[in-house]
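Enquirer: Below is one structure. I have some questions about it.
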Amino acid sequence: MKFEVGKCPTDEDTFTNCLIVNPKDARQLDERFDDTYMRRTYVQVTFNGKHFIFAISASPKMTVRNLGLNGMQRKWIGVSLYTEVEVTPYPQNNMSYLATLSLEVDFLQKNKTTTTAYETDKMAEEVRKTYLNLPHTSHQEYFFRYENKSPYLSLKVNRMEFLNTQVLSGQNRGSVRQDVGILTGNTVITFDRKEDSVITLSGKAVGSSGTSNIINPDWDFSQMGIGGLDGEFNAIFRRAFASRVFPPTLIEQLGMSHVKGILLHGPPGTGKTLMARQVGKMLNTREPKIVNGPEILNKYVGESEKNIRDLFKEAEDDQKKFNINSPLHMIIFDEIDAICKQRGTVSGSTGVADTVVNQLLSKIDGVEQLNNILIIGMTNRKDLIDEALLRPGRLEVQMEISLPDENGRVQILEIHTARLKNSNKLAPDVNIRELAAQTKNFSGAEIEGLVRAANTTAMNRLVKVDGKVSIDRDAVDNLLVQKSDFMHAIEHDVKPKFGTASDDSEHFLANGIIEYGEPITKILTKAHLLINQAKNSKIIDPITVLLQGVQGSGKTALAAHIAYELSGFPCVKICSPEKMVGYSESAKCQAIKQIFDDACKSELSCIIVDDIERLLDFVPVGPRFSNVVLQALIVLLKKNLKRGKRLLIIGTSSLPQSTLESFQLYSCFNTVIDVPPVRNVDGLVKVVQNRLYLTEERISEFQNSAIGEMNVSVKKLINLIELASEVGDDDFVSELVSLIH
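All residue numbers for the sequence shown refer to my numbering, where the first residue is 17 and numbers rise by one.
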């Protein structure tokens with residue numbers, strides 16, 4: 017039957033979402049037509065080769081062969097008024113019944129809205145009652161009048177699931193349309209808020225998008241590329257994102273506000289920026305704004321504060337427009353300490369730094385609170401940030417991104433060698449877990465650099481230098497990155513910032529350790545006990561030991577031997593006055609504090625505080641010393657450690673016990689070990705044998721000499737041995753004895 021498209025005769029007919037025809041036409045289409053909810057008559061409208069399924073309703077106000085369609089129906093079909101369409105009856109058994117129906121809801125007119133929440137459970141009951149047995153097609157949009165009140169709503173079919181008993185007896189499944197379903201009294205209906213809609217939904221029938229689906233549905237957690245930070249990421253998600261998964265109305269009923277800020281702090285290269293970048297990709301938010309701290313500052317008056325306000329402008333506009341349904345706005349501050357230093361600490365007359373901090377504080381949690389923002393700040397100097405920024409309501413989730421443990425290093429190595437494995441460029445002898453065990457205290461960035469260095473080492477094998485640089489192209493396809501390449505990178509190319517300094521170890525251990533007597537043997541035995549205590553300690557205080565003795569007795573060499581050779585600690589730091597020549601008192605205190613802070617980032621570390629009297633600028637005339645450095649040293653020696661961190665501190669000093677006690681330093685060390693000088697002939701012979709080859713005749717000559725008791729430091733003795741050796745073998749013993757006396 018041919019019909020001419022017209023308008024629905026009344027507003028009531030518009031909201032039925034049926035096609036309106038004259039009663040005569042209705043009976044021609046279905047001789048049993050009675051226009052009730054329980055028995056619908058279905059028709060198929062054909063236009064431009066496309067087919068659309070509707071139910072019909074009759075009205076005497078419609079003329080014969082005139083088809084009443086509302087505006088949404090005409091738009092969906094793509095037909096205009098007075099256009100001719102073909103209408104044919106459509107059998108009910110060609111359609112399935114709906115098990116679930118998800119409807120996208122929005123206000124019909126953008127200029128007629130309300131902030132009142134719509135109760136979705138009641139809406140679902142009203143939709144079932146009003147549109148019972150009505151056919152619903154994918155992406156179909158129609159009118160809805162909730163409780164017969166204004167403002168009116170539009171509903172769009174978003175998702176459908178069909179009942180298992182979809183086909184009537186004897187009906188072939190292939191003949192049933194897959195995109196059309198009949199609404200039943202048992203269909204489960206949920207509502208999703210349309211993107212950018214200001215409508216507020218409440219109740220149990222709110223679908224996933226109506227509950228502020230914070231997680232991007234296309235995000236694959238397995239592809240995050242964050243290794244060794246599983247625990248930190250889980251903690252951040254629990255604190256900052258879990259509340260955003262729930263419907264906004266529930267959050268409003270609980271009277272709570274979302275977490276607005278996260279501060280990621282920790283050593284450089286541990287993955288702070290990577291985590292912030294991946295969080296930005298994971299969340300279903302507006303495009304994150306990434307700001308480097310120094311970019312905010314401007315030389316013109318007021319411009320720095322304006323830059324801060326501009327960052328929050330879109331979030332403020334969205335909150336005014338969408339209220340509790342506002343989409344999330346994310347702002348990522350890299351190097352946030354550059355603009356949020358402690359107020360009053362920046363010199364200058366402009367006070368720009370202070371006003372920038374004030375502006376940021378007021379925007380995050382001021383009088384006009386924003387609940388649609390999430391700020392992620394990153395820094396490796398948390399101590400520089402103004403404390404007002406760290407209180408609850410601002411950057412309240414503070415997560416330390418520390419050095420990865422062995423399992424974390426395995427994950428990071430797996431990430432950075434994945435392409436090598438997929439391309440079959442990783443040799444079979446490369447064991448990731450072995451590499452992880454050998455890269456203690458490597459940060460994520462250092463592990464990435466290690467893999468890069470191993471790659472370049474492997475590539476270098478193919479480079480030929482024969483007058484000009486060329487590549488062995490025949491071997492390129494067979495290139496493999498081998499275990500030896502990784503070992504070369506570990507030994508020569510990449511050194512961890514929080515590891516052991518090889519230059520220092522070579523410097524302090526150049527002369528080795530000479531066990532010239534029982535006292536030195538006892539010191540090394542006691543050192544093993546102290547090392548085991550440090551490794552297994554359950555207390556939060558560091559294990560401290562003081563090596564005390566005359567100058568040149570080998571205290572520094574013993575301390576370096578204990579730290580580098582015996583302990584096997586992954587992190588060894590040396591606090592030496594040699595590195596602080598010319599420092600002011602405050603600079604020296606900062607340098608010492610930085611050494612302690614760096615060491616405490618490792619799970620197991622050792623600090624050598626060498627030549628304490630020189631660190632204190634002590635001279636016996638006066639006496640004179642730096643009280644500022646002394647107080648800093650006392651505080652740091654008594655510093656409490658975080659759970660899971662263990663620290664061994666080895667101090668060396670030539671000051672007598674009485675002087676150390678007057679400085680209140682003596683009590684700071686749990687153990688004091690005396691390092692004696694060489695006092696007898698047996699010790700002298702062992703020191704000489706360490707430096708020169710001695711025959712039995714020369715040993716007897718030493719023992720028969722009238723050298724008697726000595727009191728000479730091992731360092732001085734080594735110098736005297738070298739000096740005496742210049743006179744020749746025949747006079748060596750007599751010359752050395754005379755030099756000692």
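The beta carbon of each residue, even a glycine, is placed where N, CA and C say it ideally should be. None of these values were measured; they are calculated from a predicted model.
1) Helix, strand or coil for glycine 285 per DSSP?
2) Report yes if the C-beta distance between tyrosine 580 and glycine 699 is below 8 Å; otherwise report no.
3) Who pairs with phenylalanine 63 in a beta bridge, going by DSSP?
4) Are glutamate 619 and isoleucine 417 touching if we call contact CB-CB under 8 Å?
5) In the structure shown, what three-state DSSP assignment does valine 479 receive?
6) From asparagine 188 to leucine 35, what distance separates their C-alpha atoms?
7) Once the 5 residues before and after aspartate 370 are set aside, which same chain residues still bring their CB inside 6 Å of it?
8) Can you round the beta-carbon distance between leucine 199 and asparagine 149 to whole angstroms, since I take them to be within the 8 Å contact cut?
9) Near arginine 254, what residues of its chain come up, given a Cβ to Cβ distance below 6 Å and the 5 sequence neighbours on each side ignored?
10) Smallest Cα separation from lysine 732: which of Glu601, Pro693, Ser118?
11) With respect to the beta strand (DSSP E) encompassing methionine 415, which residues constitute its N-terminal and C-terminal limits?
12) Who are the Cβ neighbours of alanine 740 in its own chain at under 7 Å, not counting the five residues just before and after it?
13) Tell me whether the stretch 534-549 and the stretch 669-677 touch, counting them as touching only if at least three CB pairs, one residue from each stretch, are closer than 8 Å.
14) Is it a yes or a no for the stretch 623-642 touching the stretch 442-457, going by three-plus beta-carbon pairs under 8 Å?
15) Cβ atoms of aspartate 353 and threonine 395: under 8 Å apart, would you say?
16) Got a sec, what are the start and stop residues for the beta strand (DSSP E) threonine 395 sits in?
17) Helix or strand or just coil, what does DSSP make of threonine 687?
18) Going by DSSP in three states, methionine 291 sits in which element: helix, strand or coil?
19) Nearest CA to the CA of arginine 55: which residue from Gln108, Asp246, Val413?
20) Looking at serine 729 and serine 569, is the spacing between their C-beta atoms short of 8 Å?
21) Hey, how far is the Cα of leucine 169 from the Cα of glutamate 384?
22) Just the C-alpha distance for arginine 425 and valine 307, rounded to the nearest angstrom, thanks.
23) Less than 8 Å between the C-beta atoms of methionine 176 and histidine 155, yes or no?
24) Less than 8 Å between the C-beta atoms of leucine 217 and threonine 129, yes or no?
25) From the DSSP secondary-structure annotation, give me the bridge partner or partners of alanine 71.
26) I need the boundaries of the alpha helix (DSSP H) containing histidine 765, first residue and last residue.
27) Return helix, strand or coil for proline 151, following the three-state DSSP convention.
28) Below 8 Å on the Cβ atoms is my contact criterion, and I expect alanine 575 with isoleucine 666 to pass it. Report the Cβ-Cβ distance as a whole number of Å.
29) What's the C-alpha gap between asparagine 438 and isoleucine 556?
30) Spatial neighbours of aspartate 614 within its chain, please: C-beta separation below 7 Å, excluding the five flanking residues on both sides.
31) Just grab the DSSP bridge partners of cysteine 587 for me.
32) For aspartate 195, I'd like the list of residues in its chain whose CB is within less than 7 Å of its CB, leaving aside the five on either flank, ordered along the chain.
33) Count the other CB atoms, across all protein chains shown, that sit within 10 Å of the CB of glycine 277; report buried if there are 16 or more and exposed otherwise.
34) Would isoleucine 715 and valine 703 be called neighbours here (beta carbons separated by less than 8 Å)?
35) Using C-beta distances below 6 Å, list every residue in its chain close to threonine 104, excluding the 5 sequence neighbours before and after it, in chain order.
36) Can you list, in chain order, the residues of its chain whose CB lies under 6 Å from that of serine 213, leaving out five sequence neighbours each side?
Expert: According to the structure shown:
1) coil
2) no
3) Phenylalanine 63 is bridged to Lys66.
4) no
5) Correct three-state label for valine 479: strand.
6) For asparagine 188, the pLDDT reaches just 48, beneath the cut-off of 50, and the residue's location in the model is therefore unreliable, although a value from the coordinates is still provided. One C-alpha to the other measures close to 28 Å.
7) Arg359
8) 7 Å
9) Within the same chain, no residue comes within 6 Å of arginine 254 by CB-CB distance, once the 5 residues on both sides are set aside.
10) Pro693
11) 413-416
12) These residues qualify, in order along the chain: Phe748, Glu751, Leu752, Leu755.
13) no
14) no
15) yes
16) 389-395
17) The answer is strand: DSSP assigns threonine 687 an E or B state.
18) helix
19) Measuring from the Cα of arginine 55, the nearest candidate turns out to be Gln108.
20) yes
21) 31 Å
22) 29 Å
23) no
24) no
25) Tyr58
26) Nothing in the structure corresponds to residue 765, since the chain is present only between 17 and 757.
27) strand
28) 4 Å
29) 45 Å
30) Phe514, Lys589
31) Beta-bridge pairing links cysteine 587 to Ser621.
32) Excluding positions up to five away in sequence, the list reads Thr153, Ser154.
33) Counting Cβ neighbours within 10 Å, glycine 277 comes out buried, since at least 16 surround it.
34) Taking C-beta atoms as the reference points, isoleucine 715 and valine 703 fail to come closer than 8 Å.
35) Gln60
36) Asp122
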